[in-house]
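Asker: Going from the sequence shown to this note's numbering is simple: count from 1 and add 74.
All C-beta atoms in this analysis are idealised placements derived from N, C-alpha and C, irrespective of residue type, glycine included.
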Amino acid sequence: MPRTLTKQLILGSAAVVAFGLAAVFSIGSPTSAESQAAPTAAGPSDHVMMGGTIFRNMINTIDKGIADKFAPEGDQLLWKASLGSRAYGGPVIAGGKIFVGTNNEQPRNKRDVDKNGQPIDRGILMCFEEKTGRFLWQAVHDKLPSGLVHDWPKEGICSTPLVENDRVYYVSNRCTVVCADVEGFANGNQGIETEKYKDPTDADIIWEYDMMKELNVFPHNMSACSPLIVGDILYIVTANGVDEGHINIPSPEAPSFIALDKKTGKLLWKSAAPGKNIMHGQWSNPVYAEIDGVRQVIFPGGDGWLRSYVPETGEELWRFDCNPKDAVYELGGTGTRNDFIGTPVVANGKIYIGVGQDPEHSTGIANFFCIAPKKDKRGDISKYLETREKGPDGKDKIGEKPNPNSCELWRYGGVEDRNHAPRDFKFGRTMSTACVIDGLVYISELQGFLHCLDAETGKHYWYYDTKASIWGSPYYVDGKVFLATDSGDLFIFKHDKDKMVYDPIEAGKNAATQKEARARQREVQKKVEERFLLSKVEFDAPIRSTPVVANGVLYVMTEKTLYALKTK
């Protein structure tokens, strides 16, 4: 997936190793299973999956009294736990335990170090005690022998796990779907007995489904899906994609979306809908909805289409094209066609989703959509249908016409053509998932902008430039919106239900000079900062995850450390 940024992090990993493997082992060597934490009842605001619920809306309406000013190492620090050198998956907090995906750059077991004393590259799912941050156990996954085309170096476990009762589900770096016991081996071996690693602090695997072996899936660079469970069915985006040349799709008939029995891992149904139209990889996540009386599970595909299915059978209900008909996919910032990294959100009978690409491709023109499917509308519910006519050169010219079956409510993005605008598009590619609260939508872009939109109309109220890349998502709790960046800054904004417009580009469009326009724009941006920005908290490493609050504690996961902070 990410190459340039990934390579930068690889170069920096030596510093992590130099920190001292002996110190890491002293706190994380295998211990007896009896010393691990006993099962704990679920907390009142456990955060059990990516997005918190099956609707994936990045909001917490339970916890109150959340602090908006603190220091990472100050009085509000409850504990911190060392991770690897990268951490994208999680954190998930459930039943007194915390689960995160990372790599093996700070090994917890001497077995996972080579003869030269260097960490062996592996994917790691770590489990900690919620109250103390004490390390309990880890799932260790070897790298795929096929190398970086399937399993990019040092990326670790990128899947945010899902916890249901005494089971934790995730997708490993080996493109396998894993169901494990949340207690590890503390309560004995409850599942298969063929695990490769069986020390007391290793994972107790209940079942494991290999998507490459069983389905001929060809994951591009990594497998990253955050699972979804509805009833007894587990839904997974497989990561099927292109090869290292970025043109050929080795397995176009392999499924991109599957449903498994959560208890056994048995395949129930599959869809290869994107087929030969996959652009790159498929790293988004499914969402569940019941809209207009219709139960459905929604899949963001690698061809830039959303598709809805009957949860039990996989029968397609509708599909929606999230790209202009004449859009063109190109590697890098010049392309106009996108797929999905962020996850669809379901709120108030509507679906919210923005398009994007692998962050290595940088930013580019994009759109953010609001869709309201109807029970009597099936098939293509996009805003436009494709048209084709012969151009002067004899080649087909692609156009579009209105779709009478459309269920699009609004979109924000496209070309920005006002004078003195700092860029030529309104909304850039996003890796983020939205939070929808009190009639407002908060959505961030890879390029560092946080936007506030009207949830019903798409009207744009304001934006803020964090001046750093954003890989995570905005998260609402207690009248505040938390947003982290890869420069290590955590921004905390005031959630203001008064819908006032702050438009710096409009303020500067009639200026006589660009210098004057920039001055006017800065005046408006200053007003936005004064009204909405509560604080900026600086951490010592990139944050490429989403901060969350569970049971009165704020969790911030940098690429190397998990922080637990008091919220009052």
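#1: Using the Cα positions of residue 277 and residue 501, report the straight-line distance between them to the nearest angstrom.
#2: Taking a contact to mean a Cβ-Cβ separation below 8 Å, would you say residue 164 touches residue 235 in this structure?
#3: Under the three-state reduction of DSSP, which class applies to residue 307: helix, strand or coil?
#4: Name the one or two DSSP bridge partners that residue 561 has.
#5: Verify the contact flag: residue 504, CB atom, against every heavy atom of the ligand MN, threshold strictly below 7 Å.
#6: Might you give, ordered along the chain, the residues of its own chain that have their beta carbon closer than 8 Å to the beta carbon of residue 499, omitting 5 neighbours on each side?
#7: As a quick exercise: from 546, 496, 287, 381, pick the residue whose alpha carbon is nearest that of residue 232.
#8: From residue 493 to residue 533, what does the alpha carbon distance come to, in whole angstroms?
#9: When we look at the beta-carbon of residue 496 and count the other beta-carbons within 10 Å, is it buried (16 or more) or exposed?
#10: Classify residue 703 as helix, strand or coil using the three-state DSSP reduction.
#11: Ordered along the chain, which non-local residues of its own chain (more than five positions away) have a Cβ less than 7 Å from that of residue 412?
#12: Using only alpha-carbon positions, find the residue among 353, 515, 387 that is nearest to residue 410.
#13: Looking at the structure shown, is residue 195 part of a helix, part of a strand, or coil, going by DSSP?
#14: Do the segment 256-269 and the segment 303-322 touch if we need at least three Cβ pairs shorter than 8 Å?
#15: Following the continuous beta strand (DSSP E) through residue 428, name the residue where it begins and the one where it ends.
#16: State the CB to CB distance for the pair residue 435 and residue 355, rounded to an integer number of angstroms; the pair is presumed to be in contact (CB under 8 Å).
#17: Express the C-alpha separation of residue 476 and residue 361 in angstroms, rounding to a whole number.
#18: CB residue 641 to CB residue 141, shorter than 8 Å?
#19: What are the residues that DSSP puts in a beta bridge with residue 635?
#20: Quickly, what does DSSP pair residue 688 with across the bridge? List them, please.
#21: Can you tell me whether residue 137 is buried or exposed, with buried defined as 16 or more other CB within 10 angstroms of its CB?
#22: Since residue 334 sits in a beta bridge, which residues does DSSP pair it with?
#23: For residue 425, which residues from the same chain have a beta carbon less than 6 Å from its beta carbon, with the 5 sequence-adjacent residues on both sides left out?
#24: Output the boundary residues of the beta strand (DSSP E) element that contains residue 475.
#25: DSSP on residue 435, reduced to helix/strand/coil?
#26: I need the boundaries of the beta strand (DSSP E) containing residue 578, first residue and last residue.
#27: With 16 other CB atoms within 10 Å as the buried threshold, where does residue 93 fall?
#28: Terminal residues of the continuous alpha helix (DSSP H) containing residue 289?
#29: Measuring straight from C-alpha to C-alpha, what distance separates residue 374 and residue 381?
#30: Just checking my contact of residue 132 with residue 548 at CB under 8 Å: how many whole Å lie between their CB atoms?
#31: Quick one, are the C-beta atoms of residue 251 and residue 168 less than 8 Å apart?
#32: Would you mind giving the Cβ-Cβ distance between residue 186 and residue 214, rounded to the nearest angstrom? I have them listed as a contact below 8 Å.
#33: Please go through the same chain and pick out, in chain order, the residues whose beta-carbon is closer than 8 Å to the beta-carbon of residue 470, but skip the five residues on each side of it.
#34: Within the continuous beta strand (DSSP E) that includes residue 49, where are the two ends?
#35: Relative to the alpha-carbon of residue 603, which residue among 268, 624, 570 has its alpha-carbon at the smallest distance?
#36: Within 8 Å of any Cβ in chain B, is that where the Cβ of residue 295 sits?
Answerer: The answer reads as follows:
#1: Those two C-alpha atoms are separated by around 42 Å.
#2: Yes. Within cutoff.
#3: Residue state for residue 307 is assigned as strand, using DSSP reduced to three classes.
#4: For residue 561, which the question treats as bridged, DSSP gives no partner whatsoever.
#5: Summarising the ligand content, the structure contains no ligands, and the ligand MN is consequently not present.
#6: 438, 439, 440, 487, 488, 489, 490
#7: Closest option to residue 232, Cα to Cα, is 546.
#8: Taking the straight line from one Cα to the other gives about 20 Å.
#9: exposed
#10: Here the chain has residues from 75 to 642 only, and residue 703 is not among them.
#11: 378, 397, 429, 430, 431, 440, 503
#12: Nearest C-alpha to residue 410: 353.
#13: coil
#14: no
#15: If you look at residue 428, you'll find it in the beta strand (DSSP E) that goes 424-428.
#16: Actually they do not touch by this definition, with Cβ atoms about 11 Å apart.
#17: 27 Å
#18: yes
#19: 156
#20: Residue coverage of the chain in this structure runs from 75 to 642, which leaves residue 688 outside it and unanswerable.
#21: buried
#22: 308, 341
#23: 418, 445
#24: Run containing residue 475: 470-476, per the beta strand (DSSP E) assignment.
#25: Looking at residue 435 - three-state DSSP - the assignment turns out to be helix.
#26: It is not in any beta strand (DSSP E) - residue 578 instead sits in the alpha helix (DSSP H) that spans 578-582.
#27: Its pLDDT being 34, under 50, residue 93 is placed unreliably by the model, and the measurement read from it follows with that caveat. Per the 10 Å Cβ criterion, exposed.
#28: 285-289
#29: 7 Å
#30: 6 Å
#31: no
#32: 6 Å
#33: 462, 463, 464
#34: There is simply no residue 49 to check, as the chain begins at 75 and stops at 642 in what is shown.
#35: Residue 570 is the option with its Cα nearest to residue 603.
#36: Among the protein chains of the structure shown there is no chain B, as only one such chain exists.
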